[in-house]
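Report on the following structure.
Residue numbers (our numbering): 10 to 218.
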């Protein structure tokens, strides 16, 4: 890119965070595939892992296009680390249902919200930097659907899902707050993302708690 706009400076740290999340999703879905009770689910999770790897590469490429050296905002990095610890704990215990609820339903749903920016400077910049955004969004929208189709078939019981949902939604809310804090300066866009994230997390509570 020629020149560095204010929007690009604000977006660059969030591109780092999104790429880090996609890399985490790549690793977790690969591990989930090992726990899958059927070959079909195992193949679907491996396919998702490959998609997440592609998504991470796209966002890393978008960051390079900005020409900005950026780090993941500290609060956002801490929130992602907490999610990863919870997912890893579920996987160590062989709890595929809870891990899919956390990743596919709670977190991937937030990702889908983030990939649908309102019209404006950031939306136009996102389309320039991430020309595959529509494809990535289509795939990301399919990931929660995969989770919801399988979770209650593979979870140990309703109380297990309730506990997992409460924990993951609480972690997700912290990530939303951290991300919007780092996002600062675009009040209309921030309001749109906050409303979309809240609606998604409320639906998760209604569905699983």
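In this text, a Cβ means the ideal position worked out from N, Cα and C, and glycines have one as well. None of these values were measured; they are calculated from a predicted model.
By alpha-carbon positions, which one of the options ends up nearest to residue i?
| i | options | result |
| --- | --- | --- |
| residue 152 | 20, 21 and 57 | 57 |
| residue 81 | 68, 46, 206 and 22 | 22 |
| residue 94 | 120, 37 and 169 | 37 |
| residue 211 | 178, 146 and 161 | 178 |
| residue 214 | 105, 168 and 102 | 168 |
| residue 111 | 60, 59, 78 and 172 | 172 |
| residue 89 | 25, 124, 196 and 54 | 25 |
| residue 114 | 174, 147, 205 and 203 | 174 |
| residue 217 | 119, 192 and 176 | 176 |
Got a sec? Which residues, its chain only, sit under 6 Å from residue i by beta carbon, not counting five neighbours each side?
| i | result |
| --- | --- |
| residue 138 | 71 and 74 |
| residue 141 | 67 |
For residue i and residue j, which I take to be in contact (beta-carbon distance under 8 Å), what is that distance rounded to the nearest angstrom?
| i | j | result |
| --- | --- | --- |
| residue 121 | residue 149 | 5 Å |
| residue 65 | residue 28 | 5 Å |
| residue 85 | residue 204 | About 19 Å; that fails the 8 Å criterion. |
Only counting the same chain, and skipping five residues up and downstream in sequence, which positions put a Cβ closer than 8 Å to that of residue i?
| i | result |
| --- | --- |
| residue 61 | 31, 32, 34, 35 and 38 |
| residue 2 | Nothing in the structure corresponds to residue 2, since the chain is present only between 10 and 218. |
Here's a check: name, in chain order, each residue in its chain whose Cβ is nearer than 7 Å to the Cβ of residue i, leaving out the five neighbours to either side.
| i | result |
| --- | --- |
| residue 103 | 44 |
| residue 109 | 41, 156, 159 and 160 |
Check: At what residue ranges does the region 147-207 contain a whole run of the alpha helix (DSSP H), taking only runs of 4 or more?
Finding: Counting only runs of 4 or more, we get 167-192.
Notebook entry, point to check: Do the region 183-203 and the region 154-163 make contact, defined as three or more Cβ pairs closer than 8 Å?
Noted result: Taking 8 Å as the limit for Cβ pairs, the verdict is that the region 154-163 does not touch the region 183-203.
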